[in-house]
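Residue numbers (my numbering): 74 to 156.
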């Protein structure tokens, strides 16, 4: 996922680090889950290529200021009209 080795064990997602920034460049399907959207938007701060999420609208339901705070912290989260 996004160039990293990932395992799913039950309801646990294990992401194995490599010691350097992951390539990124992936598009993540969030299934309108704010936790998935936020996790991968945060991951995008350290990847070589941007990480896209298909729908980050759910983030506003649990953390309305998330995008603004992340951008203030150095992220570059942009809304895209692309489906």
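All C-beta atoms in this analysis are idealised placements derived from N, C-alpha and C, irrespective of residue type, glycine included. Owing to the predicted nature of the structure, the values given are computational and were not obtained by experimental measurement.
Is it the case that the Cβ atoms of residue i and residue j are separated by a distance below 9 Å?
{"i": "residue 110", "j": "residue 101", "result": "yes"}
{"i": "residue 99", "j": "residue 76", "result": "yes"}
{"i": "residue 117", "j": "residue 148", "result": "yes"}
Suppose the cutoff is 8 Å on Cβ atoms and the five residues either side in sequence are ignored; what does the same chain contact list for residue i look like?
{"i": "residue 87", "result": "79, 80 and 81"}
{"i": "residue 131", "result": "103, 105, 106, 107 and 110"}
{"i": "residue 153", "result": "125"}
Would DSSP call residue i helix, strand or coil?
{"i": "residue 151", "result": "coil"}
{"i": "residue 93", "result": "coil"}
{"i": "residue 126", "result": "strand"}
{"i": "residue 134", "result": "helix"}
{"i": "residue 143", "result": "helix"}
{"i": "residue 118", "result": "coil"}
Looking only at DSSP bridge pairs, what is residue i linked to?
{"i": "residue 81", "result": "86"}
{"i": "residue 101", "result": "126"}
Whose C-beta lies closer than 6 Å to the C-beta of residue i among residues of the same chain, with five residues either side of it excluded?
{"i": "residue 140", "result": "150"}
{"i": "residue 121", "result": "94, 96 and 97"}
{"i": "residue 129", "result": "110"}
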